[in-house]
Structure formats: C-alpha cells, structure tokens
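Okay, structure first, notes after.
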Amino acid sequence: MNNNTHSVILVLGGARSGKSTYAESLVEEQGRGVYIATAEIFDDEMENRVSLHKERRGEQWTTIEEPLDLPGAIERNAGPDHMLLVDCLTLWLSNLMAAEKNIDEETEFLAETLLQAKGPVVLVSNEVGLGIVPDNKLARKFRDHTGRLNQRIANVATKVVFVAAGLPMIMKDTKDK
Amino acid sequence: MNNNTHSVILVLGGARSGKSTYAESLVEEQGRGVYIATAEIFDDEMENRVSLHKERRGEQWTTIEEPLDLPGAIERNAGPDHMLLVDCLTLWLSNLMAAEKNIDEETEFLAETLLQAKGPVVLVSNEVGLGIVPDNKLARKFRDHTGRLNQRIANVATKVVFVAAGLPMIMKDTKDK
Amino acid sequence: MNNNTHSVILVLGGARSGKSTYAESLVEEQGRGVYIATAEIFDDEMENRVSLHKERRGEQWTTIEEPLDLPGAIERNAGPDHMLLVDCLTLWLSNLMAAEKNIDEETEFLAETLLQAKGPVVLVSNEVGLGIVPDNKLARKFRDHTGRLNQRIANVATKVVFVAAGLPMIMKDTKDK
Chain A
159 MNNNTHSVIL VLGGARSGKS TYAESLVEEQ GRGVYIATAE IFDDEMENRV SLHKERRGEQ
219 WTTIEEPLDL PGAIERNAGP DHMLLVDCLT LWLSNLMAAE KNIDEETEFL AETLLQAKGP
279 VVLVSNEVGL GIVPDNKLAR KFRDHTGRLN QRIANVATKV VFVAAGLPMI MKDTKDK
Chain B
159 MNNNTHSVIL VLGGARSGKS TYAESLVEEQ GRGVYIATAE IFDDEMENRV SLHKERRGEQ
219 WTTIEEPLDL PGAIERNAGP DHMLLVDCLT LWLSNLMAAE KNIDEETEFL AETLLQAKGP
279 VVLVSNEVGL GIVPDNKLAR KFRDHTGRLN QRIANVATKV VFVAAGLPMI MKDTKDK
Chain C
159 MNNNTHSVIL VLGGARSGKS TYAESLVEEQ GRGVYIATAE IFDDEMENRV SLHKERRGEQ
219 WTTIEEPLDL PGAIERNAGP DHMLLVDCLT LWLSNLMAAE KNIDEETEFL AETLLQAKGP
279 VVLVSNEVGL GIVPDNKLAR KFRDHTGRLN QRIANVATKV VFVAAGLPMI MKDTKDK
C-alpha cells in the first residue's frame with residue numbers, strides 16, 4: 159500500500175493554531191495544488207485566505223468547494239502531478255451532521271477513498287476534545303464524531319502532524335519505519 | 159523505587175482520542191488484566207466496551223467497579239502477575255466531587271498508593287484544560303482539580319503517554335534515564 | 159539575531175498544566191529573576207504563588223505588576239544579568255481586550271520588543287483552542303486572538319515548550335539547528 163506515490167498527510171491542531179498555513183506550505187513546496195474547501199458559507203477570514211491563495215497562486219492553485227461529497231471530490235481530483243489540500247474535515251463533519259448523514263459510514267468511505275487515492279492528499283482537521291465536556295448535547299456528539307474521524311484518518315495516513323502555535327510535532331511518519 | 163517490577167503508566171488524552179484503546183493494548187500485550195472501572199452509571203458506549211472486554215477476555219480480563227475508593231481497589235488488586243487498568247481518573251474525580259470528598263487528600267493518597275503498588279498499573283485520564291475557561295464555576299473547579307491530579311500522577315508515574323487521534327506521544331519514560 | 163545572549167522562551171500549556179511552575183524553574187536554575195505579573199486582580203492561588211515567590215526569593219526575585227504595557231515593562235526591565243518571567247500572555251490579552259486596544263498592533267509590538275530585548279525573557283501562555291467552539295462571541299474572539307498571539311510569539315522565540323501534566327515537550331529550539 160505505501161509505495162512512493164501513496165501519501166496521505168493529516169494536519170491536526172486547535173483553532174488559530176497555524177494548521178492551515180502549515181498544510182498550505184506542505185503543498186506549496188511540492189508545486190501545484192488543488193484546494194478543496196468544505197465550507198459552505200465563507201467567513202471574512204476564509205474569504206481573505208481564498209483571495210490570498212488566488213493572488214499568489216498563478217498556475218499553482220485551483221479551488222473547489224465541496225461541503226458534502228468529500229470522498230467523491232478527492233476521487234475525481236487526486237492525481238500524481240499535484241497535491242490535494244482538504245480544509246477542513248471538521249467543517250465537513252459539521253455539514254454532514256446538518257444534512258443528517260450517517261457519520262460512521264461517511265468516515266469509513268473517506269478512509270477507503272484515501273487508501274485508493276491516485277495522488278497525494280493533505281487533510282486539515284481540528285482537535286476539539288481537550289476542553290471541558292460541553293453542556294450542549296449536539297456539541298458532545300460533534301466532539302465524539304470528530305475524535306473518531308481523526309482516529310480513523312490518522313490510521314490510514316502515512317504522516318500525522320500536530321500543530322500548535324504554528325509549530326509542527328510529527329506524531330506518525332511511515333517513512334520512519 | 160524504580161525496580162523492574164515498579165511500573166505506573168499514565169495515559170492522557172482528549173475525548174475520543176483513543177486513549178482507552180491504547181491503554182488496553184498496553185495491558186493485552188502483557189497478558190492478564192484487571193479492569194477497574196470508575197464509572198457508576200455506564201452509558202451505551204461504556205456498556206459496549208465492557209461487553210467487548212467480556213467477549214474477548216477469556217481468562218485475560220476481570221472487571222471491577224469502584225467509583226470512590228480507587229486507592230483501596232488498587233492496593234487490593236495490584237499484583238506482579240497481571241496489570242491493573244484504571245479507566246478513568248476523570249470520572250473518579252467527578253465522583254469524589256459529587257461525594258464532597260477532600261480532593262487534595264485523595265489525590266495524595268492515590269499517588270502514595272501507586273508508589274507502593276505491588277504490581278503494574280495503567281491509568282487513563284482526560285486532559286481538559288486546553289479550551290476556553292468554562293462559564294460554569296463547578297466546571298472551572300473540576301478543570302483545576304483534574305490538572306493538579308494529572309500533574310501529581312504524572313510525577314509518580316514511570317511513563318506518561320499523551321494520545322491524540324489514536325497516536326501515542328511519549329512525554330516521560332524513566333527507562334530513558 | 160540569535161547570538162548567545164538572545165533568548166526568548168515561550169512556555170505554552172493548558173489550565174493547571176504546571177506551565178508556570180516549569181517556567182519558574184527555568185528562571186531559578188539561572189539565578190536572579192524579575193517576575194512580571196499581568197494580572198490586575200489576584201485570585202487566591204495567584205496571591206499564594208506570589209507569597210511563595212516572596213518567601214523563597216531572597217535576593218532572587220523582584221515582582222512587577224503590569225496589566226497593559228507589557229512591551230514597555232519588558233524593555234525597561236530586561237538585562238543580561240537576570241531573567242524576566244512574564245506570567246501570563248493570556249491575561250495580558252484579556253486586559254487589552256477589556257481596554258479595547260488594537261490586538262494585532264499590540265501583538266506585533268510585543269514581538270518586536272522581544273527581538274530587541276537586552277536580556278533573556280520567559281513568557282507563559284495558555285493554549286485555549288483545543289476544545290469545542292465556544293457559544294459566546296467574545297470567547298471566540300479571545301480564542302482567535304490568543305491563537306494568533308501564540309503563533310507570533312512562537313515565531314520570534316528561540317525556544318518553545320508545551321507543558322502537559324507538568325511535563326515539558328520541546329516544540330522548537332533554535333540551538334538544535
């Protein structure tokens with residue numbers, strides 16, 4: 159499974175941890191990137207980020223919006239001559255929950271898609287389980303789903319990086335073995 | 159203090175981080191385990207977990223429920239031919255607070271019990287202090303107690319592992335010294 | 159920039175993670191320290207901590223309270239024969255927000271001050287972005303500012319340490335390069 163072209167990198171971190179910037183830098187040092195945004199409604203910061211991408215991308219970046227069918231978008235867009243950047247899994251999960259999808263099935267489908275992807279994929283996700291148990295039932299459910307999704311994707315990833323204060327900690331790297 | 163038989167492993171992590179599964183794997187690779195559950199009321203996931211244990215345990219696992227007198231349960235059940243798995247300290251703390259016990263005393267008593275334990279012990283605990291300060295006063299108190307408990311137990315542990323997305327990061331290992 | 163005397167250490171951690179105690183130990187192993195407290199109102203634990211400092215400091219520690227003009231306090235008090243300990247950036251940020259200051263400007267001003275500081279500085283800060291998105295709008299804003307501040311200070315720091323359960327993980331150390 160892990161030949162030279164198979165590469166799935168999970169970038170985990172908290173809010174404003176620098177995880178997206180770090181993930182983008184991984185793509186940019188490789189060359190051409192395709193950005194898959196899972197956000198349906200862009201807030202100002204996201205709009206700025208996308209504008210910044212567009213400004214500096216030249217031929218480097220293409221942007222796709224895909225709130226729900228992330229596995230499909232990965233399957234259609236992965237390829238050996240560019241990197242996919244998915245930002246982020248947490249928003250995708252939030253969209254799935256709003257659309258009342260079966261989260262366990264979607265999680266498994268994403269994992270299998272990543273194992274079969276025809277090119278390198280970098281995925282950004284939030285770690286949300288390190289605070290106090292939320293009062294809100296939906297928030298607890300979301301937290302549980304996020305934790306399970308992160309575990310499953312970390313399991314199929316060739317590399318997992320935890321980012322805090324903009325600094326990466328390598329948690330898994332199959333090249334080390 | 160740290161002879162070959164003295165082993166206290168603290169497994170820290172967030173909600174749905176894979177910390178319990180990781181802790182169980184530590185026990186299972188050693189052989190026989192005694193599971194000390196601190197939960198009084200089992201939710202569905204816990205019931206499933208216990209059922210799974212019972213199914214696969216054969217001669218491997220014994221399960222004990224001890225919501226309050228965790229030091230006593232460790233003292234009575236630790237032994238050189240099996241591992242104790244305590245899951246988890248966060249629930250124990252929550253039970254102690256509900257029963258209006260003196261948390262500092264209980265924390266110290268647990269630490270001393272671990273230093274004297276007659277066999278290896280693995281303890282699972284939540285890290286809960288990495289979110290925004292909770293509005294709720296009781297939640298803040300709980301967060302403070304958890305932080306102090308984790309520090310104290312990490313201090314007497316021979317090994318401390320932080321688990322995120324199912325992946326372990328070794329934070330302390332007295333064998334390294 | 160990074161000559162032998164330039165030293166900026168950022169100590170990150172959650173609530174009751176042992177980050178302040180760790181930061182103090184860094185100062186105490188070097189000798190004389192100047193403690194810059196950013197708290198305006200001291201809670202009991204802070205008062206105890208300050209009392210403990212005063213008790214054990216002898217000639218070792220001087221304490222300064224500076225809720226808002228932290229860059230000025232660093233500029234005035236840094237020097238080659240002692241270490242500055244700033245505890246903590248999170249409270250400073252909270253004070254700046256209450257005083258309706260421009261946070262981005264203040265963040266940048268602090269970063270530049272640290273780059274020019276005439277002696278070693280240790281700064282303590284909270285990681286607050288690893289829980290569920292807070293309901294409260296102000297809390298979300300605070301979380302965003304904290305994340306950006308931690309990234310910026312980590313960027314100018316010569317060393318960054320993440321503390322959990324009293325145990326340090328080195329995330330950056332320019333001496334390694």
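Residue numbers (my numbering), protein chains in the order written: chain A, 159 to 335; chain B, 159 to 335; chain C, 159 to 335.
Ideal Cβ placement from N, Cα and C applies to all residues, glycine included.
| said: Closer than 8 Å between beta carbons: that is the criterion. Which residues of the region 284-298 of chain B meet it against chain A? | reply: Per Cβ criterion, the list reads Glu285, Val286, Gly287, Leu288, Gly289, Ile290, Pro292, Asn294 and Ala297.
| request: Would you please state the rounded distance, in angstroms, between the beta carbons of Val314(C) and Leu273(C)? I believe it to be under 8 Å. | output: For the purposes of this step, residue 314(C) is taken as residue 156 along the third sequence, with counting starting at 1. For the purposes of this step, residue 273(C) is taken as residue 115 along the third sequence, with counting starting at 1. For Val314(C) against Leu273(C), the beta-carbon gap comes to about 5 Å, under 8 Å, which counts as contact.
| Can Leu184(A) and Asn308(A) be called in contact, C-beta distance under 8 Å? | Translated into the one-based positions of the first sequence, residue 184(A) becomes position 26. Translated into the one-based positions of the first sequence, residue 308(A) becomes position 150. Taking the C-beta atoms as reference points, Asn308(A) is found no nearer than 8 Å to Leu184(A).
| Roughly how many angstroms separate the alpha carbons of Val319(B) and Arg234(A), rounded to a whole number? | On the second sequence, residue 319(B) is found 161 positions in, with the first residue counted as 1. On the first sequence, residue 234(A) is found 76 positions in, with the first residue counted as 1. Spanning the two alpha carbons is a distance of roughly 39 Å.
| task | Using the DSSP secondary-structure output, state which residues sit across from Lys317(A) in a beta bridge. | result | Residue numbering aside, residue 317(A) sits at position 159 when the first sequence is read from its first letter. DSSP links Lys317(A) through a beta bridge to Ile167(A) and Asp331(A).
| task | Pull up the DSSP beta-bridge partners for Ser283(A), would you. | result | By 1-based counting over the first sequence, the position of residue 283(A) is 125. Beta-bridge pairing by DSSP links Ser283(A) to Leu170(A).
| field | Reduced DSSP category for Ile232(A) - H, G, I as helix; E, B as strand; rest coil | value | Residue numbering aside, residue 232(A) sits at position 74 when the first sequence is read from its first letter. Correct three-state label for Ile232(A): helix.
| message | Which same chain residues end up closer than 8 Å to Asn160(C) when comparing Cβ atoms and leaving out the 5 residues on each side of it in sequence? | response | Indexing the third sequence from 1 puts residue 160(C) at position 2. Reliability of the predicted coordinates at Asn160(C) is poor, the pLDDT of 40 falling under 50, and the value obtained from them is presented with this limitation in mind. Closer than 8 Å at the Cβ level, and outside the excluded window around Asn160(C), lie Thr316 and Thr332.
| message | Rounded to whole angstroms, what is the Cα-Cα separation between Gly324(A) and Gly176(A)? | response | In the first sequence, counting from the first residue as 1, residue 324(A) sits at position 166. In the first sequence, counting from the first residue as 1, residue 176(A) sits at position 18. Between Gly324(A) and Gly176(A), the C-alpha separation is close to 4 Å.
| message | Taking only three categories from DSSP, how would you classify Leu226(A)? | response | Within the first sequence, residue 226(A) is the residue found at index 68, counting from 1. In this structure, Leu226(A) counts as coil in the three-state DSSP scheme.
| query | Nearest to Glu258(C) by CA position, among Lys299(C), Arg190(C), Arg310(C) and Ala173(C), is which residue? | reply | Against the third sequence, residue 258(C) aligns to sequence position 100. Comparing Cα positions, the closest option is Lys299(C).
| task | Give the residues from the region 255-276 of chain B that approach chain A closer than 7 Å (Cβ to any Cβ), ordered along the chain. | result | Hits within the stretch: zero.
| In chain order, what residues of the same chain have a beta carbon less than 6 Å from the beta carbon of Phe267(A), not counting five sequence neighbours either side? | Here residue 267(A) refers to the residue found at position 109 of the first sequence. Answer for Phe267(A): Pro229, listed in chain order.
| query | Taking 8 Å as the CB-CB limit, is Leu325(B) close to chain A? | reply | Residue numbering aside, residue 325(B) sits at position 167 when the second sequence is read from its first letter. At least one chain A Cβ lies under 8 Å of Leu325(B).
| task | Check whether the region 245-261 of chain B touches the region 232-252 of chain A, counting contact only when three or more Cβ pairs, one atom from each stretch, lie closer than 8 Å. | result | No, the region 245-261 of chain B does not touch the region 232-252 of chain A.
| Considering Asp245(C), what are the terminal residues of the beta strand (DSSP E) in which it resides? | Looking up residue 245(C) in the third sequence gives position 87. First-last of the beta strand (DSSP E) with Asp245(C): Met241 to Asp245.
| said: If I measure Cβ to Cβ from Ala269(B) and keep anything under 8 Å in the same chain, skipping five residues before and after, which residues do I get? | reply: Position 111 of the second sequence, counted from the first residue, corresponds to residue 269(B). Result list for Ala269(B): Arg310, Ile311, Asn313 and Val314, in chain order.
| Assuming Ala236(A) and Ala275(A) make a contact with CB atoms under 8 Å, what is their CB distance in whole Å? | Residue numbering aside, residue 236(A) sits at position 78 when the first sequence is read from its first letter. Residue numbering aside, residue 275(A) sits at position 117 when the first sequence is read from its first letter. Confirmed, Cβ separation roughly 4 Å.
| message | So, at 6 Å on beta carbons, what are the nonlocal neighbours of Glu187(A) in its own chain, with the 5 sequence-adjacent residues on each side left out? | response | For the purposes of this step, residue 187(A) is identified with residue 29 of the first sequence, where counting begins at 1. If we look at Glu187(A) and ignore the five residues flanking it on each side, it has no Cβ neighbours.
| query | In chain order, what residues of the same chain have a beta carbon less than 7 Å from the beta carbon of Thr271(A), not counting five sequence neighbours either side? | reply | One-based indexing of the first sequence puts residue 271(A) at position 113. Setting aside the 5 residues that flank it on each side, Thr271(A) is surrounded in the same chain by Pro229, Ile232 and Glu233, each with a C-beta closer than 7 Å to its C-beta; the list follows chain order.
| message | Less than 8 Å between the beta carbons of Arg285(B) and Ala181(C), yes or no? | response | Translated into positions along the second sequence, residue 285(B) becomes position 127. Translated into positions along the third sequence, residue 181(C) becomes position 23. Note on residue identity: the sequence assigns Glu, not Arg, to residue 285(B). Taking a C-beta distance under 8 Å as the contact criterion, Glu285(B) and Ala181(C) do not qualify as a contact pair.
| query | Does the beta-carbon of Pro238(B) have 16 or more other beta-carbons within 10 angstroms, so that it is buried, or is it exposed? | reply | What you label residue 238(B) is simply residue 80 of the second sequence in a count that begins at 1. Of the residues assessed, Pro238(B) falls on the exposed side of the cut-off, its CB having fewer than 16 other CB atoms within 10 angstroms.
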